[in-house]
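J.: Residue numbers (the working numbering), protein chains in the order written: chain A, 14 to 269; chain B, 14 to 269; chain C, 14 to 269; chain D, 14 to 269.
Using N, Cα and C, we set each Cβ at its ideal position, and we do this for glycine too.
Only a predicted model underlies this, so the values are computations on that prediction, with no experimental measurement involved.
To start, I am sharing the structure in question, which I have written as structure tokens.
Protein chains: 4
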Amino acid sequence: MQINLNADMGESFGPWPMGDDASLIRVINSANVACGFHAGDPMHMVATVRSAIANGVSIGAHPAFQDLQGFGRRPVKLSDAELTAIVTYQVGALQAIAHAQGGAVTHVKPHGAMSNMACADDAMATTIARAVKAIDPQLILLAPACSALARAGEAAGLRVAIEVFADRAYQADGQLVPRSQPHAMVHGAEASAAHVLRMIDAGGLVTHTGAVLPTPIHSICVHGDNPEAVASAAAVRDALRTMGYALVAIDQLLAT
Amino acid sequence: MQINLNADMGESFGPWPMGDDASLIRVINSANVACGFHAGDPMHMVATVRSAIANGVSIGAHPAFQDLQGFGRRPVKLSDAELTAIVTYQVGALQAIAHAQGGAVTHVKPHGAMSNMACADDAMATTIARAVKAIDPQLILLAPACSALARAGEAAGLRVAIEVFADRAYQADGQLVPRSQPHAMVHGAEASAAHVLRMIDAGGLVTHTGAVLPTPIHSICVHGDNPEAVASAAAVRDALRTMGYALVAIDQLLAT
Amino acid sequence: MQINLNADMGESFGPWPMGDDASLIRVINSANVACGFHAGDPMHMVATVRSAIANGVSIGAHPAFQDLQGFGRRPVKLSDAELTAIVTYQVGALQAIAHAQGGAVTHVKPHGAMSNMACADDAMATTIARAVKAIDPQLILLAPACSALARAGEAAGLRVAIEVFADRAYQADGQLVPRSQPHAMVHGAEASAAHVLRMIDAGGLVTHTGAVLPTPIHSICVHGDNPEAVASAAAVRDALRTMGYALVAIDQLLAT
Amino acid sequence: MQINLNADMGESFGPWPMGDDASLIRVINSANVACGFHAGDPMHMVATVRSAIANGVSIGAHPAFQDLQGFGRRPVKLSDAELTAIVTYQVGALQAIAHAQGGAVTHVKPHGAMSNMACADDAMATTIARAVKAIDPQLILLAPACSALARAGEAAGLRVAIEVFADRAYQADGQLVPRSQPHAMVHGAEASAAHVLRMIDAGGLVTHTGAVLPTPIHSICVHGDNPEAVASAAAVRDALRTMGYALVAIDQLLAT
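Now the structure itself:
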């Protein structure tokens, strides 16, 4: 009866703030920290790591394609060697920052287009999983339910934390309903909490037609890009607690 | 009777090559690897680390100001927190890349303007030394003889490797004769080797007027930006061997 | 009885918004548009130019050092040739964007550290003024009162618009009281409007001790980084109108 | 009996040189100048423009995706608005630099992945053609023979200069034989010159099976990335002269 809330954090860059990290960090258990390629920079990484440590939140690396302009959301085709190199570079940068602050990186979750592509592409997913394992085989891969990335993490022998999204509807194949379609989003705190509880109860993804795709669910991905989003994340947390779940960091949940 | 030859490496960027690393790596014992801020990128870092491991050359991080355009040679005034963050970020990125290749980063040597400023500024030198220590207290700081950076490294309790330059003349205060002045450079393989042997023999920097500033000398910094430079580095190495010196990696020289 | 209000605009970057441009554009007469080096990007430049044209606001280029991370506030020492090249590049990029939207760049105002340095350094000011003239001798240089930049613009034969700041106090030498000091800022809409009216009335800068440094005043620089700032800018505008001033674009004010 | 030789130029970046521009500029008639997004920077743009003017070579902008790391060769999917904005930005930057040196940009030729994608994608080609026209309807679009880009330029009412490649073989559909295949390249000065003469003689592309795809040919694209390439370019030029062709700049060839 343990579960985890994760969120993307540290996506400010230079003089430009993004998100209400200070509020959201008090709601979640694990932070995916931007590593400077799509957002974040060394200073914001230090600040985010400090805040995570102070709030008992575990630290994950959130590597991305090198694309500040497009926030890492633009698909890029890289060779396996390039993909491995940029993942390793970003995770390592955060590891040293976490270590210097008395913390440690315990999970990795790819961002944006890198994640979307790896969720649908076995070869790319395998490259990322192997890159993570080569950095440290104790690192946990945080991956969407029913994704190629989750499968590749398991095949590589990594611990894999499976996540679902509190505010997104699922298609029959387990993929997210694209944002361009109606009903892509689950709106509001109450509906998000209900969506999450339904999936946990069902032991799998519940698609927008009500079908169930069985999967373990270790973590709920929440967002903090506006006050309502933080309230929604808190509602999900409270609902889970009411159900009797203990909310713990990813590395506690999947302790070796 | 041990000494070290170090050189800057991996300063190619994307499609642009720089230096004859493949030749120089066979001459030196320790490589200062560019970390993507003034030069280098994740792919070139992987390639340089592999080459270093294959050639028995120890791996050092060569952090710099974020300045590809100016090759890290433009002075920038950063806060202590910013300086700490960018040094930690770069060293960490290389650590993970080295680790994933089966190697390890054993020293840190600041690049360009960051180094020049830290050699003359006690506060900045102290910030860098403390940043390196917080990453890993076993890291060796590679610093110019008679510099604030060397002193700060020792004050921080780091092992400090002291370097002299094979191809540069020294002023009365131990600083390099600026390149803008005549006699700044020591030209040619023979003269460089003689310059180095004179300093080792004297147990200190030998200034351009012949005065001696006593200092330990652990390492000789050589360059590989043209065929002549590689030949000159090899001449220095051969002269040291003839003198009976064993050429070893920095972490062997200063083994704990 | 004409005067101008100018403000920095288009300082969003990629996914990161900055400032309430949509509100401020309705208050001011001339926009200093970020050109991608310290902030802004091609898309935000297009959007800002369109908004300026739609609101009858004249378009200025706001070139800066290449420093997104530090928002162009970090001093950098460039050669005259480098400084000339980056100013020309940025102004040209905006000129084409403005032209393609049916508008035109009519003034240039350096940003951040580039401006601060040029206001105190005659040589650097001269380089910038000559760069602007070489792009188009009809361009107006918008420069702080009593600055080296204003003098260099006049010496180069450019039209120079002299600006004062609505929310900053002045020292005895005409420089801004540094932000690190108390009384650096003029707080609130009413005080800002009074500060501006006092200077216009006096025909010069009014220092924080009440001394007057005579100077023409063509333009008032206002900010829009928060709702209060926009209100303050509107208060300055309204006060000037009440005094009988017509608020016009810089190129109307200094029409050839 | 006029024809043109064009080449990509100014692809150095910061401290990293690329290509033997100083030699190649004496062979060609029109230069495609990198604009800082895939290569080049403001300083190298100034130097390249000066060299072009000094050698009577016409100046073209060579806009690309924003991708120094990948040299603009990585496909990126941009919106029409983004593509328009980055093309306009880059062309404008070069226009101002050219103007400040007493020259002018007379043509535009997209680079790398932007070109490859636009040659096969009518919508993208149309976006680029319209962007160029909005900057200045007198600009010439330099586009590969039988490409969507060439067709879009004509449809937009631009003057279009059609180019063939001296060192590349063509497929039955007029596309280049991919580099991954044998016979993709035409090797050597003599073979390149013969390849070009055969196409001019035939009045169209000559595919690797000898079929002819009729097309006007205004310009030959040559390269200068090694001494042999420059020699090959010179051989093509000499062969054309021997045939009685006058080698002229693009804007002379397509004079209004």
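Measure from the alpha carbon of residue 228(B) to the alpha carbon of each residue in 260(B), 77(B) and 215(B), then state which is nearest.
T.: Residue 215(B) is the option with its Cα nearest to residue 228(B).
J.: When you compare the CB of residue 103(A) with every CB in chain D, is at least one pair closer than 8 Å?
T.: For residue 103(A), the answer is no, since every Cβ of chain D falls outside 8 Å of its Cβ.
J.: So which residues of chain B does residue 230(A) contact, with C-beta pairs closer than 7 Å?
T.: Correct list: empty, because the minimum Cβ distance to chain B is about 30 Å.
J.: Whose CA, out of 122(D), 221(D) and 97(D), lies closest to the CA of residue 111(C)?
T.: When each option's Cα is compared against that of residue 111(C), the closest is 97(D).
J.: Can you tell me the Cα-Cα spacing of residue 137(B) and residue 178(C), whole angstroms?
T.: The straight-line gap from Cα to Cα measures roughly 35 Å.
J.: Within 8 Å (strictly less), CB to CB, does residue 55(B) reach chain A?
T.: With 8 Å as the cut-off, residue 55(B) counts as an interface residue toward chain A.
J.: Run through chain B and tell me which residues come within less than 9 Å of residue 88(C), C-beta to C-beta.
T.: Correct list: 88, 89 and 90.
J.: Tell me the residue span of the beta strand (DSSP E) that contains residue 227(B).
T.: Per DSSP, residue 227(B) belongs to the beta strand (DSSP E) from 225-227.
J.: Using only CA atoms, which one of 142(B), 153(B) and 212(B) lies nearest to residue 180(B)?
T.: That would be 212(B), whose Cα lies nearest to the Cα of residue 180(B).
J.: Quick one: which unbroken beta strand (DSSP E) runs of 3-plus residues sit fully inside the segment 111-188 of chain B? Chain order, please.
T.: Correct list: 118-121, 153-157 and 172-178.
J.: Mapping DSSP to helix, strand and coil, what is residue 82(A)?
T.: In this structure, residue 82(A) counts as coil in the three-state DSSP scheme.
J.: Could you list which residues in chain C have their beta carbon closer than 7 Å to that of residue 113(D), in chain order?
T.: In chain order: 101, 147 and 148.
J.: Could you give the distance in angstroms between the alpha-carbon of residue 79(C) and the alpha-carbon of residue 54(C)?
T.: Residue 79(C) and residue 54(C): Cα-Cα distance of roughly 12 Å.
J.: Taking just the CA atoms, how far does residue 256(B) sit from residue 128(D)?
T.: Straight-line Cα distance between these residues: approximately 59 Å.
J.: In the DSSP output, what is residue 71(D) paired with across the bridge?
T.: Residue 71(D) is bridged to 43(D).
J.: What residues in the segment 55-69 of chain A bring their beta carbon closer than 8 Å to a beta carbon of chain G?
T.: Of the chains in the structure shown, none is chain G; the protein chains are A, B, C and D.
J.: Could you run through the segment 25-46 of chain C and flag, in chain order, every residue whose CB is less than 7 Å away from some CB of chain A?
T.: Under the 7 Å Cβ criterion, the segment 25-46 of chain C contributes 26, 27, 28, 29 and 31.
J.: If contacts are defined as beta-carbon pairs under 8 Å, then residue 38(D) and residue 71(D) qualify, I think. What distance do you get, rounded to the angstrom?
T.: Contact doesn't hold; Cβ gap of about 11 Å is too wide.
J.: Which residues does DSSP pair with residue 233(C) in a beta bridge?
T.: Note: residue 233(C) sits in a beta bridge opposite 18(C) and 177(C).
J.: With DSSP as the reference, identify every bridge partner of residue 249(D), one or two as the case may be.
T.: According to DSSP, which records beta bridges pairwise, residue 249(D) is partnered with nothing at all.
J.: Taking 8 Å as the CB-CB limit, is residue 15(B) close to chain C?
T.: Answer no: the Cβ-Cβ gap between residue 15(B) and chain C never drops below 8 Å.
J.: What distance in whole Å lies between the Cβ atoms of residue 52(B) and residue 24(B), which are believed to be in contact at a cut-off of 8 Å?
T.: Confirmed, Cβ separation roughly 4 Å.
J.: Please state whether DSSP places residue 52(B) in a helix, a strand or coil.
T.: Residue 52(B): coil per DSSP, three-state reduction.
J.: Can you pull the chain A neighbours of residue 94(B), defined as C-beta to C-beta under 8 Å?
T.: Result: 56 and 59.
J.: Classify residue 186(D): buried if its beta carbon has 16 or more other beta carbons within 10 angstroms, exposed otherwise.
T.: So residue 186(D) ends up on the exposed side.
J.: How about residue 79(A): is its C-beta nearer than 8 Å to some C-beta of chain D?
T.: By this cut-off, residue 79(A) is an interface position.
J.: Measure the beta-carbon distance from residue 175(D) to residue 158(D) and round it to whole angstroms, keeping in mind my assumption that it falls under 8 Å.
T.: Rounded, the Cβ-Cβ distance is 5 Å, consistent with contact.
J.: Are at least three pairs of beta-carbons, each pair with one atom in the segment 14-28 of chain A and one in the segment 245-260 of chain B, less than 8 Å apart?
T.: Short answer: they don't touch.
J.: What would DSSP say about residue 105(D), mapped onto helix, strand or coil?
T.: Helix, per DSSP.
J.: By a C-beta neighbour count over all protein chains shown, 10 Å radius and 16 as the cutoff for buried, is residue 222(D) buried or exposed?
T.: Flag for residue 222(D) reads exposed.
J.: With 8 Å set as the bound, which would you pick, yes or no: does the beta-carbon of residue 188(D) sit closer than that to a beta-carbon of chain A?
T.: Not an interface residue.
J.: Are three or more beta carbon pairs between the segment 201-210 of chain A and the segment 133-148 of chain A nearer than 8 Å?
T.: No contact exists between the segment 201-210 of chain A and the segment 133-148 of chain A.
J.: Mind reading off the beta-carbon distance from residue 109(A) to residue 108(B)? Whole number of angstroms is fine, and I expect it under 8 Å.
T.: Going by Cβ atoms, the distance from residue 109(A) to residue 108(B) rounds to 6 Å, so yes, they are a contact pair.
J.: Quick check: the Cα distance between residue 123(D) and residue 99(A), rounded to an integer number of angstroms?
T.: Between residue 123(D) and residue 99(A), the C-alpha separation is close to 28 Å.
J.: Along chain D, in chain order, which residues have C-beta atoms closer than 8 Å to that of residue 270(B)?
T.: With chain B covering only 14 through 269, there is no way to say anything about residue 270(B).
J.: Mind checking if residue 184(D) is an interface residue toward chain C, Cβ cutoff 8 Å exclusive?
T.: Chain C, which has no Cβ nearer than 8 Å to the Cβ of residue 184(D), makes this no.
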